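**Q** I'd like to ask some things about the structure below.
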């Protein structure tokens, strides 16, 4: 009689490649963990045993990396294809943005230079009218209706001028920003300043320069030597 019991969920699934690779090296992994208790190799026999385990673990790692690459390659290809599909349209839109900015840049720069002068003039006029209103108020006869009307008109003119000055202060061209640029006029002077004021930065530069060039150049103050190390 045939067993008609349906297969459970996952019955036909392939084994996880990570589990499969690790299983092939499980004995070497377990033995490696037993070795790694903080003790150091002291004999050639121990060295050979550790080297053999290291070789197995390296093979295990390479197999895992190959499996990872195989598993992720299709996903990465889809990711790259989607990036490529969007890229031309994004770049062209960005290009249009850049051209629009360039088209208006000269005029905005000119406007940005003119606006402060206009704002300054507006505040100067406000202050002039305010002083004028204060002077009229001091000199006006309290019993002279026409004089008092002139005082009020002068105060009103000063208030309106102040409102206009505040509007001018806010009326700046949009899409402008202040950027700080630099130009090195004397590299030697700049180098001396860095050495005197930011020794950590100078040290980091020297360390990186020596790291990149110690094999190809004889650098003063640097000792180049060889030694053996495990790998």
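Residue numbers (the numbering used here): 58 to 288.
We put the CB at the ideal spot given by N, CA and C, even for glycine.
Just so it is clear, the structure is predicted and the values come from calculations on it, not from any experiment.
1) Does residue 208 pass the burial test, meaning 16 or more other C-beta atoms within 10 Å, or should it be called exposed?
2) Tell me whether residue 186 is buried or exposed, calling it buried when 16 or more other Cβ atoms sit within 10 Å of its Cβ.
3) Compare the Cα-Cα distances from residue 175 to each of 224, 75, 119 and 115 and report the closest residue.
4) Helix, strand or coil: which one does DSSP assign to residue 238?
5) Could you tell me if residue 252 is buried or exposed, where buried requires 16 or more neighbouring beta carbons within 10 angstroms of its beta carbon?
6) Do residue 212 and residue 190 have their beta-carbon atoms positioned less than 8 Å apart in this structure?
7) Specify whether the stretch 80-99 and the stretch 111-120 touch according to this definition: at least 3 beta carbon pairs, one from each stretch, less than 8 Å apart.
8) Secondary structure at residue 220, three-state DSSP: helix, strand or coil?
9) Quick check on DSSP: helix, strand or coil for residue 78?
10) Find out if the Cβ-Cβ distance for the pair residue 74, residue 124 is shorter than 8 Å.
11) When the Cα atoms are used, what is the spatial distance from residue 260 to residue 276?
12) Since residue 270 is in the alpha helix (DSSP H), which residue starts that stretch and which ends it?
13) Looking only at its chain, what residues have a beta carbon closer than 7 Å to the beta carbon of residue 110, apart from the 5 residues adjacent to it on each side?
14) Is it buried or exposed for residue 243, if we count other Cβ within 10 angstroms and need 16 for buried?
15) Would you say residue 86 reaches chain D, if we count a Cβ-Cβ gap shorter than 8 Å as a contact?
16) Could you pull out every residue in the same chain whose Cβ sits closer than 6 Å to the Cβ of residue 179, ignoring the five residues on either side in sequence?
17) Residue 257 to residue 107, Cα distance in whole Å?
18) Can you look up residue 199 in the DSSP assignment and give me helix, strand or coil?
19) Assuming residue 183 and residue 218 form a contact by the criterion Cβ under 8 Å, report the distance between their Cβ atoms to the nearest whole angstrom.
20) Name the two residues that bound the continuous alpha helix (DSSP H) containing residue 284.
**A** On the basis of the data shown:
1) As a position in the chain shown, residue 208 is number 151, starting the count at 1. Buried: at least 16 other Cβ atoms inside 10 Å.
2) Numbered from 1 along the chain shown, position 129 holds the residue referred to as residue 186. Around the C-beta of residue 186, 16 or more other C-beta atoms lie within 10 Å, and the residue is accordingly described as buried.
3) Position 118 of the chain shown holds residue 175. The residue with the shortest Cα to Cα distance from residue 175 is 224.
4) For the purposes of this step, residue 238 is taken as the residue at position 181 of the chain shown. Residue 238 falls in the coil class under three-state DSSP.
5) Reading the chain shown from its first residue, position 195 is the one you call residue 252. Flag for residue 252 reads exposed.
6) Stepping through the chain shown from its first residue, residue 190 is reached at position 133. Stepping through the chain shown from its first residue, residue 212 is reached at position 155. Going by beta carbons, residue 190 and residue 212 fall inside the 8 Å limit.
7) yes
8) The residue labelled residue 220 in the question sits at position 163 within the chain shown. Residue state, collapsed to three classes: helix.
9) For the purposes of this step, residue 78 is taken as residue 21 along the chain shown, with counting starting at 1. Of the three classes helix, strand and coil, the one that applies to residue 78 here is helix, per DSSP.
10) The residue you call residue 74 lines up with position 17 of the chain shown. The residue you call residue 124 lines up with position 67 of the chain shown. Yes, they are a contact pair.
11) As a first step, residue 260 is located in the chain shown; it is residue number 203 there, counting from the start. As a first step, residue 276 is located in the chain shown; it is residue number 219 there, counting from the start. So the alpha carbons of these two residues sit roughly 15 Å apart.
12) Counted from its first residue, the chain shown places residue 270 at position 213. That run of the alpha helix (DSSP H) goes 256-270.
13) Looking up residue 110 in the chain shown gives position 53. For residue 110, where only same-chain residues beyond five positions count, the Cβ hits under 7 Å are 85, 88, 89 and 92.
14) The residue given as residue 243 occupies position 186 in the chain shown. Residue 243 comes out exposed.
15) In the structure shown, chain D cannot be found, because there is only a single protein chain.
16) By one-based count along the chain shown, residue 179 stands at place 122. Correct list, in chain order: 221, 222 and 225.
17) Numbered from its first residue, the chain shown carries residue 257 at position 200. Numbered from its first residue, the chain shown carries residue 107 at position 50. Taking the straight line joining both Cα atoms gives about 41 Å.
18) Working through the chain shown from its first residue, we reach residue 199 at position 142. If DSSP states are grouped into helix, strand and coil, residue 199 belongs with coil.
19) Looking up residue 183 in the chain shown gives position 126. Looking up residue 218 in the chain shown gives position 161. Sure, about 4 Å apart at Cβ, within 8 Å.
20) For the purposes of this step, residue 284 is taken as residue 227 along the chain shown, with counting starting at 1. Premise fails: residue 284 is in no alpha helix (DSSP H) and is neither H nor E.
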